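Written below as structure tokens is the structure these notes are about.
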Amino acid sequence: MKHVTTPAAMKFWMEGALALADVEHQGVRIDKTYLEGAITSTTKEINDAEAALRSDKDFKLWRRRFGEKTKPGSYDQLAAVVFRDLGVPSKKRTASGDRESAAAAAFEGLDIPLVKHFLTAAKLKKARDAYLVGIQREMVQHDDGLWYVHCSYNLNSVITFRSSCSNTNYQNNPKRNPKMMETVRKCYISRPGYRQGELDYGQIEVRIPCPYTFDPVLMAYVCDPTKDMHRDMAVQIFKLKPNQVSKALRNLVKADYVFATFYGSYYGLTAPALWEGVDNGNLTLEGSEKTVRQHLTDIGFTELGTIDDEKPEAGTWAAHVRGIDEDFWGKRFKVYAQWKRDWYEAYCRDGGFTMLTGFAVHAPLDKKQVCNSPVQGVAFHCLLWSLTKLVNRLRKYKMQSKVIGEVHDSINLDIHPAELDDVFDMATSIMTEEIKVWAPWLNVPLVCECESSPTDGSWFDVMGMAKRDGGYVPADPAKWQKRFGAWDGQLVTA
DNA sequence: TGAACGAGCCC
DNA sequence: GTACGCGCTCGTTCA
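Take 428 as the starting number for the first sequence in the working numbering and just add one per residue.
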């Protein structure tokens, strides 16, 4: 057998399991009073949204079709009413092809109050039932009289050798939707007198491809802090000057083009996503009132173009993005593209591959999985190695700070205020320097981003920290001041 | 009662 | 020649 998991990888995995057991044992403190209030108020909002749904003029069609079986939470029923009774043309079908898709994306660009009320209620129900009620079900009282959840971290359920988390899943708490994020993350609070801390591996998903591919362009992007791949791609895709790229447009390109394309997407999916994305956020050019949509019209893009087996018609947005794809893999990241071909060919020849961390894989995978899983797996292994070191070192030095969670590329802690600088220095040393001894194959630097809440803060309250004059302070002091008042440094208030 | 499915949240 | 990777949890539907 050519590919065999190394004894070192086995040992690493077992030690990681022990460290995660310690994380599970610590648990995350829950604000029980806030949680109960949030469930009550969210329930009220759900009732209001469902009342609006029931009194909508189109709801009589729903009644007529489903009668006593009417369920205002049913996506099946929503699809029937909208795409049959209202005669709205559907853009896509479900995976099985059984019916029209009723996912939120299928209604983009439509202004149907019935749908708006349904989706408002659905989002609120998600927040309440999957998150708030999930936390409530799992929380337990400790001897200190306070309430905690103890999630399970699993190392045996992910084919890429990442971790997963269940009961409840700490790894998918809302972050993008501001209201949902606030509602849910305020449940997770610090132990009395502690701070919520977060240690992120910055850009790890574009750094780990470097030791596999040695792509010089990618390596230059992650080694030079003045370079910005997402901004560059926004400039190219939207034909702008760098200073016209807003943060929101950069984020759109980052999520819906760069990452999607790295993971194996293509213009057939990314072109429509960008086309609709500029309208969803009503994006404008930086320092201007002009919308990105108007800009696209001005430079001649007035049609998305069709996505089918044929090449999209010249002059359409789809044809333009197709050209971007060709440049992306054919020129900009051509070394990465060649690695993908070589790596997949070797997998087919050998019946498997071995990750940089020594994990052998023999599973039947498609090309995307073969090329993505060694990157995602190894990115997580860097996190797990660091987490294990940190857990063991905090114990060794009898420190009071505790690791309480992990989200693939970040570590969450309850940090004792007196230990704030020490924990951040220790973590930075482990995550950026000591890791190089364990991972000598790293050919680009790894970076650690430190975040903290005020003392007694919640997960909602964490903000970026920066080291100045030997100690850590808010990276954006004005923002911190506005939200929390004076920076409380390492003052011990408990 | 349980499984399949569709949906939506995370990295 | 190909068409976004990996999870967990929920409600609906149906056997």
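Glycine included, each C-beta is placed from N, C-alpha and C at the ideal position.
Since this is a predicted model, take the numbers as computed values, not measurements.
Around the beta-carbon of GLN908, fewer than 16 other beta-carbon atoms lie within 10 Å, marking it exposed.
Residue state for ASP725 is assigned as helix, using DSSP reduced to three classes. If you compare the alpha carbons of ASN707, ILE466 and TYR580 with that of ARG720, the shortest gap goes to ASN707. CA-CA distance, ALA854 to ILE734, rounds to 47 Å. Using a Cβ distance threshold of 9 Å, ARG555 and TRP886 do not count as a contacting pair. THR781 is positioned such that its CB atom lies closer than 9 Å to that of HIS430.
A direct Cα-to-Cα measurement between ASP793 and LEU541 gives close to 41 Å. When rounded, the separation of the alpha-carbon atoms in ALA661 and VAL680 is 6 Å. PHE780 is bridged by DSSP to VAL788.
With a cutoff of 9 Å on beta-carbon distance, VAL797 and TRP770 are scored as near each other.
Close CB contacts of GLY443 within its chain, under the 8 Å cut and outside five residues either way in sequence, are with LEU582, LEU811, TRP812, LEU814 and THR815 (chain order). Minimum Cα-Cα distance from HIS722 among the listed residues ASN670, PRO739 and PHE665 corresponds to PHE665.
In the DSSP annotation of this structure, GLN827 is not part of any alpha helix (DSSP H), being labelled neither H nor E.
According to DSSP, CYS592 shares a beta bridge with TYR580. Setting aside the 5 residues that flank it on each side, ILE726 is surrounded in the same chain by LYS666, each with a C-beta closer than 7 Å to its C-beta; the list follows chain order.
Going by DSSP, ARG622 is part of the beta strand (DSSP E) stretching over 622–628.
Around the CB of VAL509, 16 or more other CB atoms lie within 10 Å, so the residue is classed as buried.
Shown here, GLY704 sits in a helix according to DSSP, grouped into three states. Residue environment for LEU840: buried (at least 16 other C-beta atoms within 10 angstroms of its C-beta).
The residue from ILE751, PRO699 and THR711 with its alpha-carbon nearest to that of GLY732 is PRO699.
Nearest to ALA790 by alpha-carbon distance, out of PHE588, PHE439 and ARG658, is PHE588. MET441 and PHE786 have their C-alpha atoms some 13 Å from each other. According to the DSSP assignment, LEU840 belongs to the beta strand (DSSP E) that extends over 837–842. By the Cβ criterion, the region 446–453 is in contact with the region 829–846, since at least three pairs of Cβ atoms, one from each stretch, lie closer than 8 Å. The region 604–660 contains, as complete alpha helix (DSSP H) runs of 4+ residues, the segments 605–612, 631–634, 636–640 and 643–650 (chain order). For VAL455, the enclosing beta strand (DSSP E) covers residues 455–457.
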